[in-house]
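In the working numbering, the protein residues as written are 8 to 113.
Take a look at the structure below.
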Amino acid sequence: MTGLQNGSSPLRADYDYRAFARALMHKRQRDHADQGIRALAGEIGVTVSDLSRAMGGQMVSVGKVIALCKWLGVPVEEFYLPPDFSLETTCFTGTNVKRERGEARP
C-alpha cells in the first residue's frame with residue numbers, strides 16, 4: 008500500500024503520508040512518551056490539530072511537514088514519492104484513435 012492521498016495517480020509526484028505518520032508516532036513513543044501532545048506540538052511549532060492530523064496519516068501543509076521533518080531529524084525528501092512513469096500505458100485509447108467518417112466506436 009502506498010502513501011498516495013485521495014487516490015492520486017502514481018504518475019504524479021506525491022508524499023508518503025502513511026510512512027510520515029509512522030515515523031512521527033514512533034519518535035513520539037520512543038522519545039516523548041511522557042510528554043502531552045499539546046506540549047509536544049508547541050515544542051515543534053505546530054498546532055495540536057496539525058500534529059494529530061499528521062500522526063493520523065492525513066495531509067498537512069508544506070510548512071508543517073518541514074517543521075515536523077526537522078523535529079524528526081530527517082530530510083523532507085525522505086517521504087517523497089517520485090512519479091512512476093513505468094506505469095504509463097502505451098495502448099491507444101478511444102479518444103486518440105482516428106476513425107473513418109461514420110465508423111462507430113467499439
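Just so it is clear, CB atoms sit at the ideal spot from N, CA and C, and this is done for glycine as well.
Owing to the predicted nature of the structure, the values given are computational and were not obtained by experimental measurement.
For residue i, the first and last residue of its enclosing alpha helix (DSSP H)
i     : result
Ser93 : That residue, Ser93, is in no alpha helix (DSSP H); it is neither H nor E in DSSP.
Leu47 : Ile44 to Ile51
Phe27 : Tyr24 to Asp38
Val55 : Val55 to Met62
Gly70 : Val69 to Leu79
Classification of residue i by the beta-carbon crowding that lies within 10 angstroms, buried from 16 upward
i     : result
Tyr22 : buried
Ala48 : buried
Leu18 : exposed
Phe86 : buried
Asn13 : Note that Asn13 scores 49 on pLDDT, short of 50, meaning its location in the model is unreliable and no value can be drawn from it.
6 Å Cβ shell around residue i - same chain, five flanking residues per side excluded
i     : result
Val67 : Asp57, Arg60 and Ala61
Met8  : At Met8, the pLDDT of 43 sits below 50, so the modelled position is not reliable and the matter cannot be decided from this model.
His39 : Leu47
Contact set for residue i: own chain, Cβ-Cβ below 8 Å, skip 5 residues either direction
i     : result
Ala20 : Tyr87, Leu88, Pro89 and Pro90
Thr54 : Ala48
Val83 : Val72, Ile73 and Cys76
Phe92 : Leu18
7 Å Cβ shell around residue i - same chain, five flanking residues per side excluded
i     : result
Ala64 : This sequence places Gly at residue 64; Ala is not what is there. For Gly64, where only same-chain residues beyond five positions count, the Cβ hits under 7 Å are Tyr24, Arg25 and Ala28.
Quick check: the region 63-74 against the region 24-37, are at least 3 beta-carbon pairs closer than 8 Å? yes
Is it a yes or a no for the region 30-45 touching the region 55-67, going by three-plus beta-carbon pairs under 8 Å? yes
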